[in-house]
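Reminder that position 62 of the sequence shown reads as 89 in my numbering, one-by-one numbering, no gaps.
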Amino acid sequence: MPEGFVYRDGVISSDEEQHFTRHFALLPFAPFEFHGFQGRRRVVSFGWRYDYAGRQIRPSAELPEFLLPLRERAAEVTGLAAEGLQQVLVTEYAAGAPIGWHRDKPEFQDVVAISFLAPCLLRFRRRLRDGWDRRSLEVMPRSAYVLRGAARSEWEHSIPPLCTLRYSVTFRNLRG
Ligand SMILES: O=C(O)CCC(=O)C(=O)O
């Protein structure tokens with residue numbers, strides 16, 4: 028896998044997964060919007076959100092209490108302080124909803140993602156002189172992965188659509 032990518036299975040239990048997904052179902056999700064285009068996934072941001080029209084991050088709603096223990100878990104995986112993970116994005120991928128090729132915005136630094144309910148294929152690609160260098164990994168529910176280093180800055184990532192609901196919660200610190 029790309030340098031800077033870390034994967035850890037089983038960072039939450041099945042009971043914890045059920046607890047969190049019951050809360051997710053009540054969140055005020057909105058379709059992901061990108062320059063007038065609406066993606067099929069739905070998102071809700073806490074702490075900070077990226078404003079695509081203004082090309083900058085803006086303050087967002089305070090992190091709900093039920094997500095604090097999950098942020099602790101994400102912090103343990105990275106070795107970062109939990110309070111440093113200031114941006115939290117909950118994404119709901121209904122059946123058929125992908126996330127296309129992208130790199131995370133440069134305003135953010137490290138990315139930690141915790142997955143819920145369904146396995147997915149996390150794909151990476153980077154441009155070579157004559158094509159693409161590609162990697163992929165099956166990411167399991169209740170696992171965490173971290174994007175740092177080249178995995179974060181040189182490689183793009185994407186997830187093809189699934190047949191069932193998946194949620195992810197991504198935690199990001201801000202570039203200092
Ligand atoms: O759902 C995931 O694991 C990927 C999330 C992601 O790539 C993003 O929020 O930028």
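Glycine residues also receive a C-beta, built at the ideal position from the N, C-alpha and C atoms.
DSSP three-state label for residue i, please.
i, result
"residue 123", "coil"
"residue 91", "coil"
"residue 129", "strand"
"residue 137", "strand"
"residue 116", "strand"
"residue 196", "strand"
Rounded to the nearest angstrom, what separates residue i and residue j at their Cα positions?
i, j, result
"residue 41", "residue 78", "34 Å"
"residue 125", "residue 203", "31 Å"
"residue 127", "residue 92", "30 Å"
"residue 163", "residue 181", "15 Å"
"residue 141", "residue 176", "19 Å"
"residue 113", "residue 161", "30 Å"
"residue 132", "residue 166", "22 Å"
"residue 134", "residue 83", "8 Å"
"residue 53", "residue 155", "43 Å"
Assuming residue i and residue j form a contact by the criterion Cβ under 8 Å, report the distance between their Cβ atoms to the nearest whole angstrom.
i, j, result
"residue 87", "residue 73", "6 Å"
"residue 61", "residue 71", "16 Å between Cβ atoms; not a contact."
"residue 199", "residue 157", "That belief does not hold up - the Cβ atoms of residue 199 and residue 157 are roughly 33 Å apart, past 8 Å."
"residue 90", "residue 115", "6 Å"
Less than 6 Å between C-beta atoms, sequence neighbours within five positions excluded: which residues of the same chain meet that for residue i?
i, result
"residue 120", "68 and 193"
"residue 39", "169"
"residue 32", "178"
"residue 66", "59"
How should residue i be labelled, buried or exposed, when 16 other C-beta atoms within 10 angstroms of its C-beta is the threshold for buried?
i, result
"residue 159", "exposed"
"residue 149", "buried"
"residue 190", "exposed"
"residue 29", "buried"
"residue 98", "buried"
"residue 122", "exposed"
I'd like the list of long-range same chain contacts for residue i, defined as Cβ closer than 8 Å, with 5 residues on each side in sequence excluded.
i, result
"residue 129", "183, 184 and 185"
"residue 104", "33, 35, 38, 139, 171 and 173"
Confirm the yes/no value for this check: CB of residue i, any heavy atom of ligand 2, distance under 6 Å.
i, result
"residue 140", "What this structure holds is ligand 1, not ligand 2."
Can you name, in chain order, every residue of its own chain whose Cβ lies under 7 Å from the Cβ of residue i, other than the five neighbours on each side?
i, result
"residue 111", "200"
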